[in-house]
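Below is one structure; the comments refer to it alone.
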Amino acid sequence: MSVSKMLDRHIKALKEIEGKKVEAGWFESNRYSNGDSVAYIASILEYGAVINVAAHQQILYRQINEKTGEFKNGGRFVTKDKANFTTVHEVSAYTIVIPPRPFMRKAGDDFKKDLPELQKKLGKQFLDNKISADGMLNQIGLHLEGLIVNSMSNGGWIKNADSTIARKGFDKPLKHWGTMIQTVSYKISS
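So, in structure tokens, the structure goes:
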């Protein structure tokens, strides 16, 4: 193949990806069952947050055995519709501190380290017509997804607060229901 034909083929191939980009993370459609944006929660976990909770009243719902007057279920709380006994408690103001766990920045740094090898491998396949432009961009997207999931799973993040561990039943930062890690995705746009 002449140099001119090879250059023409490379230029044509490069024009196929001109203006396209690959984004990875969470998008508008990624929501928790309660409607909260996964991307919003991810940003709080990425950068951390301080939440000041004002003093307020809290209603606690329980069940009482009406014959004995003793709490049922060891006095554990129940939902409002199952309660036959309520108490109102004053809760003092308090602060919730969510430490930053920069998993996206770690994934970005890992991508920068991987990029020269990825460019070499995919670029050669692309220019040799062994992979299409979309195929190459899809491979990049899948690689980014994997880096984000790996960062979330193996980042060595600050441990959860004792209260969080008690609520979740385990100490794995960035993991609760699994929605965030399961919905990491990528998209290709122009």
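Under our numbering, the first residue of the sequence shown is numbered 292, with each subsequent residue one higher. A virtual CB, placed ideally from N, CA and C, is assigned to each residue, including glycine. Bear in mind the structure is a predicted one, so any value in this text is a computation, not a measurement.
Asked	Found
Residue from L413, Q430, V388 and K363 with nearest C-alpha to N375	K363
Segment limits, alpha helix (DSSP H) that includes I472	T470 to Q473
Counted within 10 angstroms of its Cβ, other Cβ atoms place F461 as buried (16 or more) or exposed	exposed
Assigned secondary structure, N441 (DSSP; H/G/I helix, E/B strand, else coil)	helix
Stretch pair the stretch 384-393 + the stretch 339-346: three plus CB contacts closer than 8 Å	yes
Terminal residues of the beta strand (DSSP E) in which I261 lies	Here the chain has residues from 292 to 481 only, and residue 261 is not among them.
3-residue-minimum beta strand (DSSP E) runs that sit fully inside the stretch 342-376, ordered along the chain	347-353
As assigned by DSSP and simplified to three states, the class of A452	coil
Reduced DSSP category for E314 - H, G, I as helix; E, B as strand; rest coil	strand
Proximity to H467 [Cα-Cα], best of D372, I308, G414 and A333	A333
Distance CB(T370)-CB(L351) smaller than 8 Å	no
Among L418, A424 and I431, nearest to L298 - alpha-carbon criterion	L418
Alpha-carbon spacing of F394 relative to G360, whole angstroms	51 Å
CA nearest to the CA of N397, picked from I431, Q410 and I439	The displayed chain sequence assigns Lys, not Asn, to residue 397. Among I431, Q410 and I439, the Cα nearest to that of K397 belongs to I439.
Per-residue DSSP class, three states only, for I431	helix
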